[in-house]
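Peer 1: Going by UniProt numbering, 72 is the number at position 72 of the sequence shown; the sequence numbering is gapless. One structure, pasted below without further comment.
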Amino acid sequence: MRYMGLIQTYKDYLPVNERTPLLTLQEGNTPLIRAEKLSDELQLDIYFKYEGLNPTGSFKDRGMVMAVAKAMEEGSRTIMCASTGNTSAAAAAYAARGNLNCIVLIPNNNIALGKLAQAIIYGAKVIAIEGNFDRALEIVREITAKHPITLVNSVNPYRIEGQKTAAFEVCDQLGEAPDYLAIPVGNAGNITAYWKGFKEYQAAGRSSKLPKMIGFEAEGSAAIVRGEPIPDPETVATAIRIGNPATWDGAVNAARDSGGQINFVTDDEILHAYRTIAAKEGVFAEPASAASIAGVMKLHKEGYFSKGQKVVCVLTGHGLKDPNIAIKSVAGGDPLVVKDSEEAVMAAIAKLEGE
Ligand code: F0G
């Protein structure tokens, strides 16, 4: 049967009624790919929930389809969000689909090229502020409180509702929840959503157990780990360059109630994981996504896991979102330019093989 999108598929678990439009770009239904080499190396059973294969290339489509459908149901004409890039891409696409206006606020010079391109081509009004994501979110909250504009950041509860469906899919794909769910943490909406999804699916008799939730911030923006907001967050993983997560409590509760933890990974660990999964597993995810893998590698070194345990790593966004980082992060990343002759190409192959 043809997949009808997330709202139709999970309507029994979502705040959907007869007036809710069945908006869809066929989001969700993403693959769970086994990490063959990493599993062997770490003596674990590791899977990637590859959210980069959503219609705009990130998990944000799950929450956005729900938030925009509800905005349409409520007669809203305009949606608005602050974003490190992926939320704005998803908001712009679903607004286009649902004939709404879309305004996005982004931190100037700190969003990946692909994400900026998406917001522009889908027709959103794109405003870059001289400030970071946290400041952008404050401004959006102020404006949407005063004007008839729907806020579609993950503080909008419909976002969390849509995003929890990824946990349902993981359970259905494995037959039950895994032992661990590893996930990057930025604004902390997604870890909150997954935990809600796992609990609801277990309560509905669809999974016999719950996973331990292990969330990973980037070291330079690890507000939750440090226990205080960070005024000037910094990390190569611009998607999670967030110093004051809006759903802070949700992340803390998920980690505590599941018996997991919130930890951090360095930029070097993120980039190492990022290159490793692309070059060894053939899976290209953006740097922020690789925080989940980097976190598993870090905890593995500390002896945290038992042999053979099942770990699902959420790869939140597609690698093509941030092509500049990909090229920069591999030594000699730019291609070798040679003459257009067989000899020159053979000489180049020999040179590259010698490296
Ligand atoms: N991974 C990616 C690729 C993201 O874009 C984000 C968040 C996260 C992880 C973290 O998820 O915020 O729910 O903890 N991106 C937001 C945005 C902030 O604006 O696109 P979270």
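Just so you know, even glycine gets a beta-carbon here, dropped at the ideal spot from N, CA and C.
#1: Can you tell me whether Gly-57 is buried or exposed? The criterion is at least 16 other CB atoms within 10 Å of its CB, across all chains shown.
#2: Say whether the stretch 269-280 touches the stretch 288-307, bearing in mind that this needs 3 or more beta-carbon pairs closer than 8 angstroms, one atom from each stretch.
#3: Can you say whether Ala-112 is buried or exposed, counting buried as having 16 or more other CB atoms within 10 angstroms of its CB?
#4: May I have the straight-line CA-CA distance separating Leu-100 from Val-338, to the nearest angstrom?
#5: Relative to the C-alpha of Lys-70, which residue among Gly-131, Lys-11 and Ala-117 is closest?
#6: I think Asn-156 touches Ala-67, with their Cβ atoms under 8 angstroms apart; what is that distance to the nearest whole Å?
#7: When DSSP labels each residue in this structure, what does Ala-177 get in the three-state scheme?
#8: Can you tell me whether Arg-77 is buried or exposed, with buried defined as 16 or more other CB within 10 angstroms of its CB?
#9: Taking Gly-75 as the reference, give the member of Ala-35, Pro-21 and Ala-203 with the closest Cα.
#10: Between the C-alpha atoms of Thr-9 and Ala-119, what's the straight-line distance to the nearest angstrom?
#11: So Gly-317 and Ala-285 are supposed to be a Cβ contact under 8 angstroms. How far apart are they, rounded?
#12: Where Thr-84 and Gly-197 are concerned, what is the direct C-alpha to C-alpha distance, given to the nearest angstrom?
#13: Looking only at C-alpha atoms, which of Glu-302, Ala-167, Ala-279 and Ser-258 sits nearest to Gly-319?
#14: Cα separation between Ile-224 and Glu-41?
#15: I'd like the span of the beta strand (DSSP E) that includes Tyr-50, first residue to last.
#16: Distance check for Gly-175 and Ala-182, CA to CA, integer angstroms please.
#17: May I have the straight-line CA-CA distance separating Gly-260 from Ala-177, to the nearest angstrom?
#18: Smallest Cα separation from Glu-234: which of Lys-212, Ala-93, Val-314 and Glu-219?
#19: Which same chain residues end up closer than 7 angstroms to Glu-73 when comparing Cβ atoms and leaving out the 5 residues on each side of it in sequence?
#20: Tell me, to the nearest whole angstrom, how far the beta carbon of Thr-165 is from that of Leu-6; I am working on the premise that it is less than 8 angstroms.
#21: Determine the burial state of Leu-210: buried for a count of at least 16 other Cβ atoms within 10 Å of its Cβ, exposed for fewer.
#22: I want to check one thing, is the minimum distance from the CB of Phe-284 to the heavy atoms of the ligand F0G below 7 angstroms?
#23: Shortest alpha-carbon distance to Ala-92 belongs to which of Val-283, Lys-310 and Val-152?
Peer 2: Quick look at the numbers:
#1: buried
#2: yes
#3: By the 10 Å Cβ count, Ala-112 comes out buried.
#4: 50 angstroms
#5: Lys-11
#6: 5 angstroms
#7: coil
#8: exposed
#9: Pro-21
#10: 27 angstroms
#11: 6 angstroms
#12: 24 angstroms
#13: Ala-279
#14: 30 angstroms
#15: In the DSSP annotation of this structure, the continuous segment of the beta strand (DSSP E) that includes Tyr-50 starts and ends at 45-50.
#16: Spanning the two alpha carbons is a distance of roughly 18 angstroms.
#17: 14 angstroms
#18: Taking only the C-alpha atoms, the option nearest Glu-234 is Glu-219.
#19: Arg-19, Thr-20 and Pro-21
#20: Beta-carbon to beta-carbon, Thr-165 and Leu-6 are separated by about 6 angstroms, close enough to satisfy the 8 angstroms threshold.
#21: Per the 10 Å Cβ criterion, buried.
#22: No, the Cβ of Phe-284 stays beyond 7 angstroms of every heavy atom of the ligand F0G.
#23: Considering only alpha carbons, the answer is Val-152.
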